[in-house]
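Below is one structure; the comments refer to it alone.
Residue numbers (this note's numbering): 561 to 750.
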């Protein structure tokens, strides 16, 4: 999910100016996950900036490691968004199969920066979808509780974790199978 860790440039959307608000966004996948960092104040325009692509045609490489299965145990690059198993990592198995390695995880890393002119703004990481259990760290600190579920949007406020004007490290772990049995039953029933 990471090429060489890159810097995020905040820029306004086409035809819009960057006021007091801005968005950072990363789209990353076990399946499909988008992650935003949001800078906004009420009643102000919000600008979205992806830390990854919007789909397969503009995916961005992220640093990636799969914990078990094919091509596991070493860091490489993976396009985000994408499915790691469709890229040759881990095991290709989504249904209820007791022979599958249930501890398979995807580890993702990406560096980004937040300009100092955004001091005082609220910053969010917004995931557009991830399957199944997803946790995030910014600069080695947890962004919040592990998300359990599928492809619906969830977010973490990371304002106190971000270093403005410096390089920040985002680490995301996605478990292929949830620690919550009911999530697995809901996601993997034909």
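Idealized CB from N, CA, C, for every residue including glycine.
Count the other C-beta atoms from every protein chain shown that fall within 10 angstroms of the C-beta of residue 728, then say buried if there are 16 or more, exposed otherwise. With at least 16 other beta carbons inside 10 angstroms of its own, residue 728 counts as buried.
In this structure, does DSSP put residue 742 in helix, strand or coil? Residue state, collapsed to three classes: helix.
Taking 8 angstroms as the threshold, find out whether the segment 715-723 comes into contact with the segment 681-690 through three or more Cβ pairs. The segment 715-723, when compared against the segment 681-690, does touch it at the 8 angstroms Cβ threshold.
Where the beta strand (DSSP E) containing residue 683 begins and where it ends: Taken as a continuous stretch (DSSP letters only), residue 683 belongs to no beta strand (DSSP E), as it is neither H nor E.
For residue 739, which residues of its own chain have a beta-carbon under 8 angstroms away from its beta-carbon, when the five flanking residues on both sides are left out? 693, 706, 708, listed in sequence order.
When the Cα atoms are used, what is the spatial distance from residue 635 to residue 623? Note on geometry: alpha-carbon atoms of residue 635 and residue 623 lie some 7 angstroms from one another.
Please determine, among 643, 718, 613, 616, the residue with the shortest C-alpha to C-alpha distance to residue 626. Checking every option, the nearest Cα to that of residue 626 belongs to 643.
Own chain, CB closer than 8 angstroms to residue 647, minus 5 neighbours either side, in chain order: Setting aside the 5 residues that flank it on each side, residue 647 is surrounded in the same chain by 638, 639, each with a C-beta closer than 8 angstroms to its C-beta; the list follows chain order.
Three-state secondary structure (DSSP) at residue 676? Reduced to three states, the DSSP call for residue 676 is helix.
Assuming the contact rule is C-beta atoms closer than 8 angstroms, residue 696 and residue 716 should be a hit. Round their C-beta distance to whole Å, please. Right, the Cβ-Cβ distance comes to about 6 angstroms (below 8 angstroms), so this counts as a contact.
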